[in-house]
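> Letter 131 of the sequence shown, counting from 1, is numbered 223 in my numbering, and no numbers are missing. For each residue, glycine too, the CB sits at the ideal point set by N, CA and C. Here the structure is a predicted model, which means the values were calculated and not measured.
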Amino acid sequence: MKKYLALLLCAALLTSALPMAALGADDLPESPSAISASEEQETQEPPLLTSEGESSLPEEPESSSLPEETPPGEEEQPPTDQEPPSQEETPSPEEPPVEEEPVDPSQPLFPLQTANHTAFISGSGDQVRPGDGLRRSEAAKILYLLLEDPVTPGGNHFSDVPAGAWYATYVNALTEMGILEGYGEDQAEFRPDKTITRAEFVTMLSRLYPLQTGDVSFTDVDGDSWAYEAIANAVVRGWASGYPDGSFRPGNPITRAEAIKLINKVLGRKADQHTIDAQGKFLLYTDLAYNHWAYYEIMEASVPHAHTVSETGVETWGAYTLPTTEHAPGPLLVDGELYYVDNSRHLVRSAKVGLLQFNSAGRYTTGNPTLDAKLTAIIRRQVDPRQSLYTNLNRLYWYVINNYSYLPQSHVAQGSTGWEPTYALNILNRGRGNCYSYAALFSYLAQKLGYQAKAVSGMATVQGSSHWAYGFWDDHGWVEIALNGTTYVCDPQMRDGHAAAWGYNWDLFMKPYGHSVAHYRVNGVVLG
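1) So, does the stretch 532 to 549 touch the stretch 509 to 520, judging by three or more C-beta pairs under 8 Å?
2) What number of angstroms, rounded off, separates the C-alpha of Tyr491 from the C-alpha of Ala465?
3) According to DSSP, simplified to helix, strand and coil, what is His384?
4) What is the C-beta distance between Ser549 and Ala505, in whole angstroms, given that I count them as a contact (C-beta under 8 Å)?
5) Under 8 Å: do the stretch 434 to 441 and the stretch 410 to 420 share three or more Cβ pairs, one atom per stretch?
6) Cα separation between Thr287 and Gln539?
7) Give a yes or no on contact between the stretch 352 to 370 and the stretch 396 to 414, applying the rule of three or more CB pairs nearer than 8 Å.
8) Does Thr579 come out as helix, strand or coil in the three-state DSSP assignment?
9) With DSSP run on the structure shown, which of helix, strand or coil describes Gln279?
10) Helix, strand or coil: which one does DSSP assign to Leu600?
11) Answer yes if the stretch 448 to 461 comes into contact with the stretch 494 to 502, meaning at least three C-beta pairs across the two stretches below 8 Å, and no otherwise.
12) Using the Cβ count rule (16 or more neighbours within 10 Å means buried), how would you classify Ser608?
13) Under 8 Å, do Ile234 and Ile323 count as touching if we go by C-beta distance?
14) May I ask you to list the residues that DSSP assigns as paired with Thr408?
15) If the criterion is Cβ atoms closer than 8 Å, does the pair Ala280 and Tyr259 meet it?
16) Between the beta-carbon of Asp285 and the beta-carbon of Ser229, is there less than 8 Å?
17) Exposed or buried, which one is Gly595 when buried takes at least 16 other CB atoms within 10 Å?
18) Hey, how far is the Cα of Asp599 from the Cα of Gly616?
19) Taking 7 Å as the limit between beta carbons, can you name the residues of its chain near Gln474, skipping five residues before and five after?
20) Do Trp331 and Leu300 have their beta-carbon atoms positioned less than 8 Å apart in this structure?
21) Can you tell me whether Gly589 is helix, strand or coil according to DSSP?
22) Taking Gln371 as the reference, which of Arg455, Leu414, Gly246 has the closest Cα?
23) Taking Cβ positions, are Thr347 and Asp476 nearer each other than 8 Å?
24) Where do the N-terminal and C-terminal ends of the alpha helix (DSSP H) with Glu350 fall, by residue?
25) DSSP three-state call for Arg221: helix, strand or coil?
26) For Lys233, does the three-state DSSP call read helix, strand or coil?
27) Could you work out which residue in Leu380, Leu467, Phe202, Ile271 is closest to Ser216 when comparing CA atoms only?
28) Quick one: what's got a C-beta closer than 8 Å to Thr172's C-beta in the same chain, skipping five residues either side?
29) Which class does Gln544 belong to by DSSP, given the choice of helix, strand or coil?
30) Please report how far the alpha carbon of Gly510 lies from the alpha carbon of Thr261, in whole angstroms.
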């Protein structure tokens, strides 16, 4: 390029040195602006090069005042170590950032069963065990069933959760959803039979919702506790409030009643006490008293029901379905207390079943609380739940014979009633009594097992005894039991006070009238 410029400079000098005629306008060449770069390249002859690639013309000294030019037909390229001029570049458009929708802290992270108030507990053996601890496997089942769309687990995550265990699906699904965790550095153990602590259970529930921070002032929850944030979340949301003494007791096993109350709060469920009370309260569990602090919470969790919620948050029940018992119709003895299951498989209450009276709590009663308590204590000591009712009836028959003795007392009128509680309490308190006392006590114990038993006052005679002339009738008390259309007689005092004393081995247990050595009549009417 420099050589090319030098040639042009020489030509200019030569021209200026020669005399020229004046040029007119017609002598000027056409403007080159209409020539394209390629055409300009063809009209101008490039400098000649020698075989060594140098110009054949003399070389002109370099001059810094003359800029280099880009040969025609080529675009000027910027230096590689400098950015192109900003005015000549238009930055490429970028995708706008995707803004994530803000998380609503009032909405769960996983859809929950809140629209339909189904039952999420059912008890076992018609008991709910409100004061017992909740096992980790049970907690997993409850939470799993509260989810509208739980994941299908892809595998087993714990060494102590067998693939075929009843809780395996619940545990593995909740683990994959991040709701459950195991124990140990590698979290390889779940410990399904371990009772879950209050801190563990609150942490599980807290993972269902976005975390809300807050301060808690429990005396036993430090700020650096692993469960602090979860407990704070539960407190901020109004799920948990701790104990009156200011503690939370995070390491204590959570009771089943406490767990049920927490779940109701998480789901926004609250029992309709008015509807429940209008029905005289529901009797679903034999171990749940109506005055238990969590009674209504447990009813909310146990009874499927339609519902509406007012603007002020008050829940009103619509149609509901009372769960049926697990036991078949008939007497049900639970921890010394007798209940009765009717044909619709509900527990009887405030009603009679034959001779058996049941109170509002569904328990058998004599009408005398003191006598009821004494009978319950005997049943708990003497009855073996592994044995049949009939076997236990025989055990109670011999209990009365072997543990009480005869004491002469006043007689009662034949065929009369109402004397039974007094005579039963008399023999229980003194350890001694006459035939009416024996009959009253055994009749109540038989009723306590569910038998249609009653004490009878009348007269008796014995056949085949030299000590008692047959046909000689004497005032006496005994027990009748109606079973399967037949009336049977049990006579503990005659077996104890007469047969044993005279050396006889009379069988006076569950014998139909006329089928034993003893014969009976009431107001002149011979029975059997």
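So, from the data block:
1) yes
2) Taking the first residue of the sequence shown as position 1, residue 491 is located at position 399. Taking the first residue of the sequence shown as position 1, residue 465 is located at position 373. The alpha-carbon atoms of Tyr491 and Ala465 are separated by roughly 17 Å.
3) For the purposes of this step, residue 384 is identified with residue 292 of the sequence shown, where counting begins at 1. Residue state, collapsed to three classes: coil.
4) Counting from 1 along the sequence shown, the entry for residue 549 is found at position 457. Counting from 1 along the sequence shown, the entry for residue 505 is found at position 413. Ser549 to Ala505, Cβ: 7 Å. Contact.
5) yes
6) To locate residue 287, count along the sequence shown from 1; it is residue 195. To locate residue 539, count along the sequence shown from 1; it is residue 447. Distance between the alpha carbons of Thr287 and Gln539: 39 Å.
7) yes
8) Numbered from its first residue, the sequence shown carries residue 579 at position 487. Thr579 falls in the strand class under three-state DSSP.
9) For the purposes of this step, residue 279 is taken as the residue at position 187 of the sequence shown. In the structure shown, Gln279 sits in coil (DSSP, three-state: anything other than H, G, I, E or B).
10) The count along the sequence shown starts at 1 and reaches residue 600 at position 508. If DSSP states are grouped into helix, strand and coil, Leu600 belongs with coil.
11) no
12) Counted from its first residue, the sequence shown places residue 608 at position 516. So Ser608 counts as buried.
13) Translated into positions along the sequence shown, residue 234 becomes position 142. Translated into positions along the sequence shown, residue 323 becomes position 231. No, Cβ-Cβ distance for Ile234 and Ile323 is not below 8 Å.
14) Here the question's residue 408 lines up with position 316 in the sequence shown. Thr400.
15) The residue labelled residue 280 in the question sits at position 188 within the sequence shown. The residue labelled residue 259 in the question sits at position 167 within the sequence shown. The answer is no: Cβ separation not under 8 Å.
16) The count along the sequence shown starts at 1 and reaches residue 285 at position 193. The count along the sequence shown starts at 1 and reaches residue 229 at position 137. Contact: yes.
17) Residue mapping note: residue 595 aligns to position 503 of the sequence shown, counting from 1. Exposed: under 16 other Cβ atoms inside 10 Å.
18) Position 507 of the sequence shown, counted from the first residue, corresponds to residue 599. Position 524 of the sequence shown, counted from the first residue, corresponds to residue 616. If you take the alpha carbons of Asp599 and Gly616, they lie about 25 Å apart.
19) Locating residue 474 in the sequence shown gives position 382, where the first residue counts as 1. Taken in chain order, the residues that qualify are Arg487, Leu488, Tyr491.
20) Translated into the one-based positions of the sequence shown, residue 300 becomes position 208. Translated into the one-based positions of the sequence shown, residue 331 becomes position 239. No, Cβ-Cβ distance for Leu300 and Trp331 is not below 8 Å.
21) Against the sequence shown, residue 589 aligns to sequence position 497. The answer is helix: DSSP assigns Gly589 an H, G or I state.
22) Against the sequence shown, residue 371 aligns to sequence position 279. Ranking the options by Cα distance to Gln371, first place goes to Leu414.
23) Counting from one through the sequence shown, the residue named residue 347 turns up at place 255. Counting from one through the sequence shown, the residue named residue 476 turns up at place 384. Not closer than 8 Å, so no.
24) In the sequence shown, residue 350 corresponds to position 258, counting from 1. Where Glu350 is concerned, the enclosing alpha helix (DSSP H) stretches over 348 to 359.
25) On the sequence shown, position 129 is the one that residue 221 refers to. Reduced to three states, the DSSP call for Arg221 is coil.
26) Counted from its first residue, the sequence shown places residue 233 at position 141. Correct three-state label for Lys233: helix.
27) For the purposes of this step, residue 216 is taken as the residue at position 124 of the sequence shown. Ranking the options by Cα distance to Ser216, first place goes to Leu380.
28) Within the sequence shown, residue 172 is the residue found at index 80, counting from 1. Caution applies to Thr172, whose pLDDT of 38 falls short of 50 and renders its modelled position unreliable; the model cannot decide the point.
29) On the sequence shown, position 452 is the one that residue 544 refers to. Reduced to three states, the DSSP call for Gln544 is strand.
30) On the sequence shown, position 418 is the one that residue 510 refers to. On the sequence shown, position 169 is the one that residue 261 refers to. Going from the Cα of Gly510 to the Cα of Thr261 covers about 60 Å.
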